[in-house]
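Reviewing the structure listed below.
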Amino acid sequence: QRMPMGPWREANHNIAVLPSSIKPSMIATLAFPAPRIIYDFYLMGGSVQGVTYPPLLPRPDFVMLETSQGERIPAVHVKEPNAKFTIIYSHGNGEDIGILLKFFDDLARNVGANVLAYDYVGYSLSRLEGMAPSEDGCYRSVDAAWRYLTINRHVQPEHIVLFGRSIGSGPTCDMASWGPGLSCGGVILQSPLSSCARVLFGDAGLLARPLDPFPNYAKVDRICAPVAIMHGVRDSVVPIDHGKTLFSLCKNPFEPLWLDNSGHDNIPFDQTFTYVQEFLESLETSPRIQYEDQYSSWTSCVLCSS
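Going by our numbering, 500 is the number at position 101 of the sequence shown; the sequence numbering is gapless.
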C-alpha cells in the first residue's frame, strides 16, 4: 500500500533489511546500521514527475527509472562530452544521490565518462511511495539502470562500467556476474564487502551463508569483465581483507589500489578519480574476456581481442 505523499517528509535510510527470498534475519537487519539522513521533500504537482527534493530540482539530468516490478527510483544521468564509457554508480549505505550530486559531477568531469547514479528501492523518493529496502530491491534497481542505458539510451554493454562503493558492491557484483551484465566493459569496487555476514562475524559468517545478503565472494569469480578494486588499509567498517579476498577470486583483475592512510569513508577523491581514469584507459587497449555458453549450465569466459 502506498504512503500518502504530503508536502514534507523525511528520508529514513535502511539497507540490507531483507535478504533475498527468505525471512528477516539478524544479519540482514543489523548488517549496516545507516545514519538517519533528513531531507525536505515536497510535491511538485507533476512538473518533475511527482515528488522530488530540492537538490534535484534544477537538474536537467534527473530521471525516474522503473524496476521490473514497477517501482520508481530516482537517478541522475550526468553526461560528459565525447565520453566513450558510462559508469553505473551504486552508492554506499548511509547516502543517496541527493547528497552525492557534486561527487557525480566531479567524477564525470575528472575521468571523462558519463555517470548514471541511481537510488535503491526503499531509498529517498521510492520510500515515499511505500517501498521498503531489500537485497532483491537493490538488484532490481541496478537492473533498471542497466535497462535504461541499453534500451532507452542505446548504450552498448561493452561501454558500460559498473561501479559499486561499500554495500553498492553487492548490486554491482550481481549485475556483472550473470545475464546481460556479463558483457559489461568493466567493474570498479571501492571498499567492497565479501558478504554482509562476513563483515559482522568474520570467517564465522560462512555458517550464516543461507541468511547472508550480498555474497560477493560467490559471484566475483563469474565476472568476465576486468575488475578494479580500491580499499583503505585502515578501513574499520569493511576491513581490507574483504577487498583482498575478492581480488584473489577475480578472473580478470586490474592492478588493485590499497590506500595506506585511508579508512572506509575517507578515500581521497583525487586518488579515486586517478585510479578510475587509469582503469578506463586500460579498457581501451586490454583484451576483453567475454561470456561463452558452451551448451552447459556453467558460466565460462573466453579471452577475445579488443
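All C-beta atoms in this analysis are idealised placements derived from N, C-alpha and C, irrespective of residue type, glycine included.
query: Helix, strand or coil at residue 516 [DSSP, three-state]; result: strand
query: Identity of the residue in 495, 681 and 564 nearest residue 666 by Cα; result: 564
query: Cut-off 7 Å between Cβ atoms - residues of its own chain near residue 525, not counting five sequence neighbours on either side; result: 470, 471, 472 and 518
query: Cα-Cα separation, residue 461 to residue 497; result: 11 Å
query: For residue 530 and residue 512, the rounded distance between their alpha carbons; result: 31 Å
query: Three-way DSSP call (helix, strand, coil) for residue 487 in this model; result: strand
query: Test item: CB-CB of residue 584 and residue 553 under 7 Å; result: no
query: Nearest-angstrom Cβ-Cβ length linking residue 627 and residue 678, presumed shorter than 8 Å; result: 4 Å
query: Same chain only: Cβ atoms within 7 Å of residue 567, ignoring 5 sequence neighbours per side; result: 489, 490 and 491
query: Simplified DSSP assignment, three categories, for residue 555; result: coil
query: Paired residues, beta bridge with residue 473 - DSSP; result: 463
query: Range of the contiguous alpha helix (DSSP H) that encloses residue 545; result: 534-546
query: Sub-7 Å separation of residue 574 and residue 541 beta-carbons; result: yes
query: Nearest-angstrom Cβ-Cβ length linking residue 506 and residue 544, presumed shorter than 8 Å; result: At roughly 15 Å, the Cβ-Cβ gap does not stay under 8 Å, so residue 506 and residue 544 are not in contact.
query: Start and end residues, alpha helix (DSSP H) containing residue 569; result: 568-575
query: Nearest residue (CA-CA) to residue 474, options 481, 480 and 466; result: 466
query: Cut-off 6 Å between Cβ atoms - residues of its own chain near residue 486, not counting five sequence neighbours on either side; result: 512, 514, 560 and 562
query: Sub-7 Å separation of residue 576 and residue 622 beta-carbons; result: yes
query: Counterpart residues of residue 652 in DSSP-defined beta bridges; result: 626
query: 7 Å CB neighbourhood of residue 483 in its chain, flanking five on each side removed; result: 558
query: Chain-order list of residues whose beta-carbon lies under 7 Å from that of residue 652 (same chain, five-residue window excluded); result: 626 and 646
query: Proximity of residue 642 and residue 591 at Cβ, strictly below 7 Å; result: yes
query: The beta strand (DSSP E) enclosing residue 588, as first and last residue numbers; result: 585-589
query: As assigned by DSSP and simplified to three states, the class of residue 707; result: Nothing about residue 707 can be read from this structure; the chain reaches only from 400 to 705.
query: Alpha-carbon to alpha-carbon, residue 649 and residue 598; result: 20 Å
query: Residue 580 in three-state terms, based on DSSP; result: helix
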